[in-house]
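Step one of this worksheet: look at the structure below.
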Amino acid sequence: MGEHANLYMGKDIYFWNFIVLMVFTLFEVGAVFFETVPGTEIAISRSVVWAILIVVGIVKGYGIAAFFMHLRDEHKWFNITFMFPWIFVALMLWGIGLSNPEGVTGLPSWCTPDWSYATER
Amino acid sequence: MSAHGNEVANSTWLRAVMMAGMIFTVGIIGFGVLGVGIADQKHHTWEDEHHHYEDAKSEWKDAVAAGTIDGDDHDSELYIAKEEAHNSEIAAHLSYLTYRTAGVTMLFLAGAYASFIGIGGFLNASKPKGDDHHDDHHGEHEEHHGSASPIIFAFGIMVFLMGLPDFIVACKAMLDETATAELGMLAVSVSGLAIIVIAVSNWWFEDLPFIGHGEQIATSYPFEGDHIRKVGLWVFIMSEIMVFATFFSSYLRMRTEWCTKWAFENSNGGFDGCRSEDDWVLTASDYLRPGGAKLDGFGESVGDFWTLLPGGINTFALIISSYTIVLALKTAKNTNWEAPKGFMGKLMPTRKAAVRNYLIATLMLGSLFIVLKLVEWSHLVAEGFTIGTVQGSIFYIATGAHGLHVFIGLVIMLYLVFKADTVGYDEDNAQGIEYFGLYWHFVDLAWVVIFPAFYLY
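As given, the protein sequences belong to chains A and B, one line each in that order.
The opening residue of the first sequence carries number 22 in this note's numbering; numbering runs sequentially from there.
The opening residue of the second sequence carries number 4 in this note's numbering; numbering runs sequentially from there.
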């Protein structure tokens with residue numbers, strides 16, 4: 022782990038990554054907690070909250086994976102190993118998660134289970 | 004990982020038994036203080052508030068029956084008094100649940116920790132000491148042979164899961180006074196647990212003497228020259244990403260179809276099946292976040308700073324624990340380490356103590372996560388958000404699976420603390436912390452997705 026020996030303002034990259042994660046988490050919770058921008062009457066719309074949650078999630082995810090899991094310094098095959106399942110994640114999100122309302126019932130019959138039990142219960 | 008270093012004296016393992024005793028004592032004290040002492044006081048308060056509410060409700064009902072006030076008049080003094088009493092009763096109940104659940108969870112965690120480290124220590128201390136032949140061939144003849152413990156561990160999990168349905172039914176029967184428990188129903192799962200404990204203790208027995216020599220190295224492309232354990236862990240993480248992706252995509256699939264307050268307000272008058280407030284379904288975030296759709300008798304959202312607090316603290320706890328495990332690794336690898344000055348210097352006078360204490364800090368933060376998680380669950384269940392609904396099912400399964408990962412990580416971390424306290428970690432054998440750290444960071448990474456998706460959205 023001595024890969025990040027460089028110091029920034031006397032502290033290593035792990036410290037600053039930790040600070041960034043903490044600040045962004047505060048930002049994330051704050052975005053949900055406050056219905057208006059603090060000190061103003063500007064309303065924070067749902068869409069803005071949604072966008073903030075996604076952007077903050079991506080930044081935090083990158084910080085953890087790149088620095089704490091030190092993928093940034095690993096050779097490409099570790100990065101590929103880490104990235105590979107995201108293809109399936111994307112497929113699942115696209116094919117199932119975001120395909121409302123056709124995601125499950127609209128799939129071809131050969132890969133659609135019998136969902137009648139779900140509606141008959 | 005097989006033993007490639009010096010033999011560890013049996014007496015060292017007895018320290019694990021002592022450690023188990025200490026941990027269990029802490030658990031009992033925690034349970035006594037929080038789960039019994041404070042919780043009993045809170046229970047009395049709850050009972051008092053319950054009586055106040057019943058009285059206020061009776062008064063209101065009598066007034067409505069007598070025609071003094073209109074039942075739909077939410078501005079009448081009696082209605083306001085009734086609802087205020089109701090809110091006070093709920094607050095008192097949740098306060099009681101907070102301490103009771105925290106105490107019971109501390110006892111459970113301490114019991115689980117003590118069982119693993121205590122039984123493991125006892126079994127390993129009881130083993131005959133290996134002959135010196137192995138040590139005499141230290142060096143070139145160190146064999147890179149694997150261990151059977153992981154596969155035995157996996158077999159134990161399989162047996163445990165095979166018996167899990169019966170195990171749950173039997174446990175529920177034992178808790179339910181109207182039913183009779185059949186102890187035989189516990190047999191398969193308990194056998195699985197026994198196999199798991201034996202496999203884990205043997206795994207620890209093999210790993211404890213490891214001082215950094217004889218790490219198995221991959222010999223083929225594309226991971227040639229890398230530690231096999233590291234590659235294996237990354238492949239494991241790869242599979243874990245897909246596991247959590249199934250939870251997340253299932254949730255998203257259902258969530259986009261639910262008529263939530265959020266969806267209703269963002270669809271300009273709703274959509275088919277979502278035309279009025281009566282159609283709204285409640286998600287966990289409706290109970291937890293400020294402005295959520297779960298309302299009290301005054302039409303105010305029950306979600307506020309306090310309901311979001313456990314999830315918020317847990318988020319910070321995981322991030323801080325990710326940093327403390329990094330500090331443990333950094334310290335173990337730092338050959339030029341110097342004791343800090345002042346109070347921290349007293350806490351960490353040596354490198355060995357510093358590594359151990361950073362690991363203990365990580366263990367405590369992870370334990371805090373589990374305690375707060377169950378406190379939060381107890382509140383949600385008490386307020387009616389149960390696993391019996393689709394919204395509850397996906398929430399409890401996803402957050403429960405994550406919590407299980409945290410718990411498993413804590414059991415492993417317990418061993419790391421033990422090793423840091425006995426054999427110690429340094430620049431040669433710190434990969435144990437490094438590889439565990441990868442798993443722990445992944446658990447943090449999963450929470451980065453789960454927290455906003457289930458608690459804030």
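Every residue, glycine too, gets a C-beta built ideally from N, C-alpha and C.
For clarity, every value in this text was computed on a predicted model and none was experimentally measured.
Using a 10 Å radius around the Cβ and a threshold of 16 neighbouring Cβ atoms, would you call residue i buried or exposed?
i, result
"residue 91 (chain A)", "buried"
"residue 411 (chain B)", "exposed"
"residue 283 (chain B)", "buried"
"residue 42 (chain B)", "buried"
"residue 92 (chain B)", "buried"
"residue 144 (chain B)", "Model confidence at residue 144 (chain B) stands at a pLDDT of 46, short of 50, so the residue's coordinates are unreliable and nothing is read from them."
"residue 225 (chain B)", "exposed"
"residue 207 (chain B)", "buried"
"residue 292 (chain B)", "buried"
"residue 27 (chain A)", "exposed"
"residue 58 (chain B)", "exposed"
"residue 382 (chain B)", "buried"
"residue 57 (chain A)", "exposed"
"residue 138 (chain B)", "The pLDDT assigned to residue 138 (chain B) is 46, lower than 50, so where the model puts this residue is not dependable; a value taken from the coordinates is nonetheless given after this. Per the 10 Å Cβ criterion, exposed."
"residue 148 (chain A)", "Outside the modelled stretch of chain A, which goes from 22 to 142, sits residue 148 (chain A), for which no answer is possible."
"residue 309 (chain B)", "exposed"
"residue 24 (chain B)", "exposed"
"residue 40 (chain A)", "exposed"
"residue 3 (chain B)", "The structure shown does not extend to residue 3 (chain B), since chain B is modelled only from 4 to 460, so the question has no answer here."
"residue 258 (chain B)", "buried"
"residue 530 (chain B)", "The shown model of chain B, from 4 to 460, leaves out residue 530 (chain B), and the question about it has no answer."
"residue 19 (chain B)", "buried"
"residue 99 (chain B)", "buried"
"residue 354 (chain B)", "buried"
"residue 333 (chain B)", "buried"
"residue 52 (chain B)", "buried"
Thinking C-beta only, is residue j closer than 9 Å to residue i?
i, j, result
"residue 281 (chain B)", "residue 263 (chain B)", "no"
"residue 70 (chain A)", "residue 53 (chain A)", "yes"
"residue 248 (chain B)", "residue 104 (chain A)", "no"
"residue 313 (chain B)", "residue 358 (chain B)", "no"
"residue 335 (chain B)", "residue 429 (chain B)", "yes"
"residue 233 (chain B)", "residue 434 (chain B)", "yes"
"residue 102 (chain B)", "residue 38 (chain B)", "yes"
"residue 449 (chain B)", "residue 405 (chain B)", "yes"
"residue 492 (chain B)", "residue 27 (chain B)", "Absent from the model: residue 492 (chain B). The displayed extent of chain B is 4 to 460, so no value can be given."
"residue 40 (chain B)", "residue 105 (chain B)", "no"
"residue 445 (chain B)", "residue 243 (chain B)", "yes"
"residue 124 (chain B)", "residue 204 (chain B)", "yes"
"residue 167 (chain B)", "residue 194 (chain B)", "no"
"residue 425 (chain B)", "residue 186 (chain B)", "no"
"residue 48 (chain A)", "residue 326 (chain B)", "no"
"residue 324 (chain B)", "residue 109 (chain B)", "no"
"residue 300 (chain B)", "residue 127 (chain B)", "no"
"residue 155 (chain B)", "residue 214 (chain B)", "no"
"residue 177 (chain B)", "residue 110 (chain A)", "no"
"residue 399 (chain B)", "residue 380 (chain B)", "yes"
"residue 318 (chain B)", "residue 454 (chain B)", "yes"
"residue 149 (chain B)", "residue 202 (chain B)", "no"
"residue 240 (chain B)", "residue 442 (chain B)", "yes"
"residue 421 (chain B)", "residue 120 (chain B)", "yes"
Can you round the beta-carbon distance between residue i and residue j to whole angstroms, since I take them to be within the 8 Å contact cut?
i, j, result
"residue 34 (chain A)", "residue 88 (chain A)", "6 Å"
"residue 95 (chain B)", "residue 49 (chain B)", "4 Å"
"residue 375 (chain B)", "residue 316 (chain B)", "6 Å"
"residue 88 (chain B)", "residue 55 (chain B)", "5 Å"
"residue 116 (chain B)", "residue 407 (chain B)", "Between residue 407 (chain B) and residue 116 (chain B) the Cβ distance is about 15 Å, and since that is not below 8 Å, they are no contact."
"residue 368 (chain B)", "residue 320 (chain B)", "5 Å"
"residue 217 (chain B)", "residue 328 (chain B)", "Not confirmed; about 24 Å, so no contact."
"residue 451 (chain B)", "residue 73 (chain A)", "Their Cβ separation, rounded to whole angstroms, is 14 Å, which puts residue 451 (chain B) and residue 73 (chain A) out of contact at 8 Å."
"residue 436 (chain B)", "residue 419 (chain B)", "6 Å"
Per DSSP, which one or two residues make a beta bridge with residue i?
i, result
"residue 57 (chain A)", "A:64"
"residue 220 (chain B)", "B:230"
"residue 32 (chain A)", "A:29"
"residue 277 (chain B)", "B:274"
Quick check: is the beta carbon of residue i nearer than 9 Å to any beta carbon in chain E?
i, result
"residue 326 (chain B)", "This model lacks chain E altogether, as its protein chains are A and B."
### Start-end ranges of the alpha helix (DSSP H) lying completely within the stretch 342 to 390 of chain B, minimum 4 residues
Correct list: 346 to 350 and 354 to 385.
#### Entry: Contiguous alpha helix (DSSP H) assignments of at least 4 residues, all confined to the stretch 23 to 81 of chain B
Entirely contained in the stretch 23 to 81 of chain B, the alpha helix (DSSP H) runs reaching 4 residues are, in chain order, 42 to 68.
### Task
Could you pull out every unbroken alpha helix (DSSP H) segment of at least 4 residues lying fully inside the stretch 249 to 312 of chain B, listed in chain order?
The stretch 249 to 312 of chain B contains these whole alpha helix (DSSP H) runs: 264 to 268 and 287 to 291.
### Query
Unbroken alpha helix (DSSP H) runs of length 4 or more, entirely within the stretch 65 to 119 of chain A: which are they?
Restricting attention to alpha helix (DSSP H) runs no shorter than 4 residues, the stretch 65 to 119 of chain A encloses them at 67 to 84 and 97 to 113, ordered along the chain.
### Task
Go through the stretch 71 to 130 of chain B residue by residue and report every complete run of the alpha helix (DSSP H) that reaches 4 residues or more, in order.
Segments of the alpha helix (DSSP H) lying fully in the stretch 71 to 130 of chain B: 80 to 129.
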